[in-house]
DNA sequence: CTTTGCACCTGTTGGC
DNA sequence: TGCCAACAGGTGCAAA
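Numbering (my numbering), first residue to last: 6 to 278.
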């Protein structure tokens, strides 16, 4: 489900729902692991802690409390919701019970997500955060950076912009959409992308992510904002999920192939770079 | 070091 | 209608 826009949408929704004075009364783990083990002392370390805020780094959510940071990745199917009494579902793995009686529930059917703890101030040393590249919406993600980072790389440019060590937050949907908007073939060797093309691509990644955030993310199957609303950026997809259909710009039939194990759709006419 | 392929899971969808 | 294969928003690891 979640690439940067969806994670950011979840973050904003949670912040709005929580307000200023949310305090964790109790944490209940329904299982000991997702893909990786969940720290067994996680409930004890978070019990009684006020939630100071929630940040996002890459596709991770960082819940700040004085004692510890709750690090959460949504994987493919992770969701947070405010669960009404009695709203218990399969795959509800972690419950945060607040002192005001509300329950925040992490649900993740495929269990590709993660829940972990980080000591405050130690974020940059955490193995899952240590090797991340720049935020695509930050000033240090520039064409010059992307150009330099891709020199000598033969892998497809789409694979590399989905590589979280190059730039974070871009997944299969937004990689395809950004490459279309930049006029670059997904399979082009990254090391041969010109600086001019990098300029277009950096701009396209920014534009598409910002537009998707403004739209509340993309709802495919069951992604929901914290308030339960669907995102609506899926209506702005120009190539993702449209193989075999006509290009919105030139009516050429969109092609599909697999790159790095991921389905890729593109227009052979509009994407020549 | 880079690249590739697959494993990790469950749920949904589409073809026969 | 029913069954089963293929596929899905991500990452991490092994092997080449």
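Just so you know, even glycine gets a beta-carbon here, dropped at the ideal spot from N, CA and C.
What you are looking at is a predicted structure, and each value in this text was computed from that prediction instead of being measured.
Shown here, residue 261 sits in a strand according to DSSP, grouped into three states. Where residue 86 is concerned, the enclosing beta strand (DSSP E) starts and stops at 84-88. Under the DSSP assignment, residue 170 falls outside any beta strand (DSSP E); it carries neither an H nor an E label. When only Cα atoms are considered, residue 243 and residue 185 end up about 8 Å apart. Within its own chain, the residues whose Cβ lies closer than 8 Å to the Cβ of residue 134, once the five positions on either side in sequence are excluded, are 62, 63, 65, 76, 123 and 128, listed in chain order. Residues 258 and 259 of the same chain have their beta carbon placed closer than 8 Å to that of residue 250, with the five preceding and five following residues left out of the count. Between residue 59 and residue 103 a beta carbon distance of about 14 Å is seen, past the 8 Å cut, so the two are scored as non-contacting.
The C-beta separation of residue 110 from residue 100 comes to about 5 Å, placing the pair in contact by the 8 Å criterion.
In the DSSP assignment, residue 270 falls within the unbroken beta strand (DSSP E) covering 267-271. Annotation: residue 170 to residue 51 spans about 30 Å, alpha carbon to alpha carbon. Under DSSP, no beta-bridge partner is assigned to residue 250.
DSSP places residue 203 within a helical segment (H, G or I) once states are collapsed to three. DSSP places residue 111 in the strand class (E or B) of the three-state scheme.
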